[in-house]
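> Just passing along the structure, written as structure tokens.
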Amino acid sequence: MSVAFVFPGQGSQAVGMGKALAANFAPARAVFEEVDSALGEKLSTIIWEGPADTLTLTENTQPALMAMSLAVMRVLEAEAGVNLARDAKFVAGHSLGEYSALAAAGSLSISDTARLVRARGRAMQKAVPVGTGAMAALIGLEFDQATAAAAEAAQGQVCQAANDNGGGQVVVSGDKAAVERAVEIAKGKGAKRAMLLTVSAPFHCALMQPAADVMAQELAKVSIKSPATPLVANVLAKPITDPAEIVRRLIEQVTGTVRWRESVAFMAANGVKTFYEIGAGKVLSGLVKRIADGATGAAIGTPEDIATFKAARG
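What follows is the structure, given as structure tokens:
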């Protein structure tokens, strides 16, 4: 098996995503209906009709992206006979996408996942007062250079690497003043670009500890099974299957670095040649090509993508 299925995180959302899938495929409709029912509201209406600023609220974005990914997954199973246990060597997801990956691999039910990621979105938003935290993308620095810039910028505040995305893109997160200092330090270290990101909170840093505490409580309420396919965990960049460890790593992930570059490199080193990005956008497919020489990334999120995938499988 030279295939991995990967699942996108925040930033990939778009109003209208999944609408054509739901119109064309009953299994996709069923996923959106299940998520609506689990949350007790018509999130599907916000996903398909907007407004965009409501969809981009973290508490909506997270379940919306998960619903989109699982809708695609269910259609692939029904229409193309995909079976993750048989067809994929690994699953992985970028931040929030880790929950989508676990749901896709049967570790979590869709309803439980919807409630978990809604709680996660709310907890992450509430963890830090608006305007006191920030995130910045440092482009053109290697990971060790970016972490050094963050450490130098901290000066007693929080500033740490949040996402090691690969392709010379590292995102730092923390107190706003410290992150602003990191941007200037990174430019001095030769970054091609360094810029603050438009985000609602400083994700994946120590300031998110209150959200990690909430997720510890929420994860204790749900049943987690071993995934059908090993999950390459964000905080480890290696595969795990034990439910107790999955819980532990999901809690760590709230404050820890998303080690995406290392995760993709690990999968590629273990024989993965094709990465299917399941859900909204093409962000991860683009990163795969920059991280793993000779690997291909293909995004599947529309009826046309499903048709292409089916044709390729013969």
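Residue numbers (the numbering used here): 264 to 577.
Quick reminder that beta carbons are idealized off the backbone N, C-alpha and C, glycines included.
One question on the structure: do residue 270 and residue 364 come within less than 8 Å of each other, judged by their Cβ atoms?
The answer is yes: Cβ separation under 8 Å.
> Using the C-alpha atoms, what's the distance from residue 487 back to residue 506?
About 6 Å.
> List, from N- to C-terminal side, the alpha helix (DSSP H) runs of 4 residues or more that fit wholly inside the region 484-541.
Within the region 484-541, the complete alpha helix (DSSP H) runs of at least 4 residues are 506-518 and 523-532.
> Reducing DSSP to helix, strand and coil, say where residue 274 ends up.
If DSSP states are grouped into helix, strand and coil, residue 274 belongs with coil.
> In whole angstroms, what is the alpha-carbon distance linking residue 539 and residue 560?
Between residue 539 and residue 560, the C-alpha separation is close to 6 Å.
> Who are the near neighbours of residue 554 in its chain, counting only those whose CB is closer than 7 Å to its CB and skipping five residues on each side?
Result list for residue 554: 429, 430, 524, 527 and 528, in chain order.
> Assign residue 353 to one of three DSSP states: helix, strand, or coil.
The answer is strand: DSSP assigns residue 353 an E or B state.
> Assuming residue 382 and residue 373 are in contact, meaning their beta carbons sit under 8 Å apart, how far apart are those beta carbons, in whole angstroms?
The Cβ separation is near 15 Å, so there is no contact.
> What ranges does the beta strand (DSSP E) occupy inside the region 407-442, keeping only unbroken runs of at least 3 residues that lie completely in it?
List check, beta strand (DSSP E) in window: 422-429 and 432-438.
> Please state the DSSP three-state secondary structure of residue 280.
Three-state DSSP puts residue 280 in coil, outside helix and strand.
> Consult DSSP for residue 453 and reduce its assignment to one of helix, strand or coil.
Here residue 453 sits in coil by DSSP.
> Per DSSP, what kind of secondary structure is residue 269 in: helix, strand or coil?
Strand, per DSSP.
> Which one of 324, 449 and 384 has the shortest CA to CA distance from residue 404?
Answer by Cα proximity: 449.
> Please identify the residue among 402, 475 and 316 whose C-alpha is closest to the C-alpha of residue 515.
Cα-wise, what sits closest to residue 515 is 475.
> Please state whether the Cβ-Cβ distance between residue 541 and residue 332 is less than 8 Å.
Yes. Within cutoff.
> Quick check on the DSSP output: the beta strand (DSSP E) that includes residue 547 runs from which residue to which?
No beta strand (DSSP E) contains residue 547, which is instead part of the alpha helix (DSSP H) from 546-554.
> Among 426, 577 and 491, which has the Cα closest to the Cα of residue 368?
Out of 426, 577 and 491, 491 has the C-alpha closest to the C-alpha of residue 368.
> By the three-class DSSP mapping on this structure, what secondary structure does residue 400 have?
Three-state DSSP puts residue 400 in a strand.
> Along the chain, where does the alpha helix (DSSP H) that runs through residue 570 open and close?
Element bounds for residue 570: 566-576.
> Using 7 Å as the cut-off, classify the Cβ of residue 346 as near or not near the heavy atoms of the ligand FMN, replying yes or no.
Of the ligands one can find in the structure shown there are none, so the ligand FMN has no counterpart to examine.
> Does the structure place the region 269-286 close enough to the region 299-316 that three or more beta carbon pairs sit under 8 Å?
A contact exists between the region 299-316 and the region 269-286.
> Can you look up residue 562 in the DSSP assignment and give me helix, strand or coil?
Strand at residue 562.
> Taking the straight line between their C-alpha atoms, what separation do you get for residue 395 and residue 467?
About 15 Å.
> Could you give the DSSP three-state label for residue 460: helix, strand or coil?
Coil, per DSSP.
> Could you pull the start and end residues of the alpha helix (DSSP H) that residue 477 belongs to?
Residue 477 -> alpha helix (DSSP H) spans 472-482.
> Is residue 317 helix, strand or coil when you go by DSSP?
Helix.
> Among 482, 362 and 318, which one has its Cα closest to the Cα of residue 329?
Closest by alpha carbon: 362.
> Using the rule of at least 16 other Cβ atoms within 10 Å of the residue's Cβ for burial, across every protein chain shown, is residue 392 buried or exposed?
Classification for residue 392: exposed.
> Would you mind sorting residue 456 into buried or exposed? The rule is 16 or more other CB atoms within 10 Å of its CB.
The residue is exposed, with fewer than 16 neighbouring Cβ atoms inside 10 Å.
> Once you ignore the five residues that flank residue 426 on each side, which residues in its own chain have a CB closer than 6 Å to its CB?
If we look at residue 426 and ignore the five residues flanking it on each side, its Cβ neighbours are 434 and 521.
> How would you call residue 352, buried or exposed, if buried means at least 16 neighbouring beta carbons within 10 angstroms?
Under this definition residue 352 is a buried residue.
> Among residues of its own chain, excluding the 5 on either side of residue 208, which ones have a beta-carbon nearer than 6 Å to its beta-carbon?
The displayed coordinates of the chain run from 264 to 577. Any statement about residue 208 would go beyond what the structure contains.
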